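Below you'll find the structure, written out as structure tokens, and then a few comments.
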Amino acid sequence: MNITEFNKFIGILKTVKRTGWVNKKIPHPESVAEHSFRTGILAMLLAKEMNVDPLKSIKMALIHDVGESIIGDIVIGKQGTPPSFVQAKRAKERDAIKRIFSSIGNAGKEYVKLFDEYEENKSPEARFVKQLDKLEMAIQAYEYENKYGLDLEEFYESARIKIKDNKLVAILNGLVKMRKKK
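Printed below as a string of structure tokens:
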């Protein structure tokens with residue numbers, strides 16, 4: 065197990081800026097690590113209420129973007145993105161995940177399996193964390209709007225498309241309601 069090698073990849077995530085915010089010219093945009101951290105905290109807080117395994121959800125939330133330390137934060141969410149591009153991105157990300165987690169030996173196999181489960185939307189935890197990923201993005205949009213006086217509606221629209229669970233929709237709607245009061 066080579067924790068030093070593994071941590072090099074994790075450390076890189078602290079410097080990889082989230083592409084959506086960079087494209088919107090947000091000053092000092094959040095890093096992938098910051099996004100993953102808050103997604104993990106949301107999983108920790110909401111998993112029991114959502115009737116999913118808390119530890120599995122937290123692990124999934126923390127690792128869902130680890131491959132971006134190698135491939136970068138590639139945005140594929142826009143309509144009209146060719147399926148071949150989406151498949152190529154996913155293949156690159158999975159290869160990156162395998163490479164990163166191989167540095168910690170057999171222990172890494174669990175995380176590759178969790179990543180696959182997340183990507184394939186195979187479990188209640190995967191579906192939950194995918195929604196949290198978008199909820200966290202909407203929370204960040206709200207913060208940037210307040211801080212910089214911007215209109216980031218497209219990020220809320222993206223979240224509305226992906227968030228289906230009633231409890232998470234209610235959280236998103238509460239955020240939108242706070243947004244409209246300003």
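For the sequence shown, the residue numbers in our numbering are 65 to 246. The C-beta atom is built at its ideal place from N, Cα and C for all residues, glycine as well. Remember, it's a predicted structure, so these values are computed and weren't measured experimentally.
{"Check": "By the 10 Å Cβ neighbour count, where 16 or more other Cβ atoms means buried, how is H128 classified, buried or exposed?", "Outcome": "buried"}
{"Check": "Could you please give the first and the last residue of the uninterrupted alpha helix (DSSP H) stretch that includes R163?", "Outcome": "147 to 166"}
{"Check": "For the structure I just gave you, are there three or more beta carbon pairs, one from the stretch 99 to 112 and one from the stretch 177 to 188, closer than 8 Å?", "Outcome": "no"}
{"Check": "Which residue from K89, F165, E184 puts its Cα closest to that of E69?", "Outcome": "F165"}
{"Check": "Taking the alpha-carbon positions, what's the E221 to F101 distance?", "Outcome": "23 Å"}
{"Check": "Looking only at its chain, what residues have a beta carbon closer than 8 Å to the beta carbon of I122, apart from the 5 residues adjacent to it on each side?", "Outcome": "G104, A107, M108, A111"}
{"Check": "To which residues of the same chain is E94 closer than 8 Å at the C-beta, ignoring the five residues directly before and after it?", "Outcome": "K81, R82, W85, Q204"}
{"Check": "From this set, N185, R191, I134, which residue's C-alpha is nearest K162's C-alpha?", "Outcome": "I134"}
{"Check": "Who are the Cβ neighbours of P188 in its own chain at under 6 Å, not counting the five residues just before and after it?", "Outcome": "V116"}
{"Check": "Using the C-alpha atoms, what's the distance from K173 back to I74?", "Outcome": "17 Å"}
{"Check": "Measure from the alpha carbon of A190 to the alpha carbon of each residue in A160, N210, K226, K89, then state which is nearest.", "Outcome": "K226"}
{"Check": "For N185 and K198, which I take to be in contact (beta-carbon distance under 8 Å), what is that distance rounded to the nearest angstrom?", "Outcome": "The Cβ separation is near 13 Å, so there is no contact."}
{"Check": "Taking the beta carbon of H92 as the centre, do at least 16 other beta carbons fall within 10 Å, making it buried, or is it exposed?", "Outcome": "exposed"}
{"Check": "In whole angstroms, give me the CA-to-CA distance for R224 and E183.", "Outcome": "19 Å"}
{"Check": "So what's S95 in DSSP terms, helix, strand or just coil?", "Outcome": "strand"}
{"Check": "Helix, strand or coil for K211, going by three-state DSSP, please let me know.", "Outcome": "helix"}
{"Check": "For E132, I'd like the list of residues in its chain whose CB is within less than 6 Å of its CB, leaving aside the five on either flank, ordered along the chain.", "Outcome": "V80, V96"}
{"Check": "Give the C-beta separation of K120 and I138 to the nearest angstrom, bearing in mind that I take them to be a contact with Cβ-Cβ under 8 Å.", "Outcome": "Contact doesn't hold; Cβ gap of about 26 Å is too wide."}
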